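Note sheet for the following structure.
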Amino acid sequence: MIRWFLIGMIVFIGSVAAVGADEEPGVRVAAAAICQAVVDRTPVATGEVFDRQVPQLYCWSRVVGAMGDTFVTHNWYYKGALQASVELPVRSPNWRTWSAKGMDPDMAGEWMVEILSADGVPLESIIFFVK
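Here the sequence shown stands for residues 84 to 214, where the numbers follow the working numbering.
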């Protein structure tokens with residue numbers, strides 16, 4: 084009886100290990116926001132629609148799962164055209180970072196920030212509007 088129990092446990096543990104190996108997420112974005120300020124590494128005045136008179140916006144992101152130093156890139160797009168690309172260091176498995184973009188009142192419309200891994204893999208994208 085103990086033998087069958089041990090065999091069952093070995094099969095179960097092997098199954099769990101295999102599932103865990105397939106689901107290893109690596110670097111990922113746990114949270115992200117567009118905001119008007121970052122205070123104490125926390126986004127302030129987040130939103131999806133911003134007034135065209137706001138002089139600067141931030142893309143804040145919390146990146147998890149990094150094993151050693153790496154980086155993410157924030158690509159800022161206005162109406163589909165790349166406006167800025169900012170490479171940001173990630174130096175721990177739970178890292179908060181952000182980029183800033185000066186806003187022009189004449190650039191109202193749809194914006195998007197795409198967050199990429201060091202390998203160029205898209206991790207997250209945020210669409211927002213300036214009106």
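Think of the CB as a built atom: it goes at the ideal place given N, C-alpha and C, for glycine as much as any other residue.
From a predicted model like this one, the values you see are computed outputs, not experimental measurements.
- Relative to the Cα of Leu165, the nearest Cα in the group Ser175, Val122, Lys184 belongs to Lys184.
- C-alpha of Ala201 to C-alpha of Thr129: approximately 26 Å in a straight line.
- Going by DSSP, Gly185 is part of the beta strand (DSSP E) stretching over 177–185.
- Closest in alpha carbon position to Val196, among Val110, Pro188, Glu170, is Glu170.
- Non-local beta-carbon contacts of Ala167 in its own chain, meaning distances under 7 Å to residues more than five positions away in sequence, involve Trp159, Lys184 in chain order.
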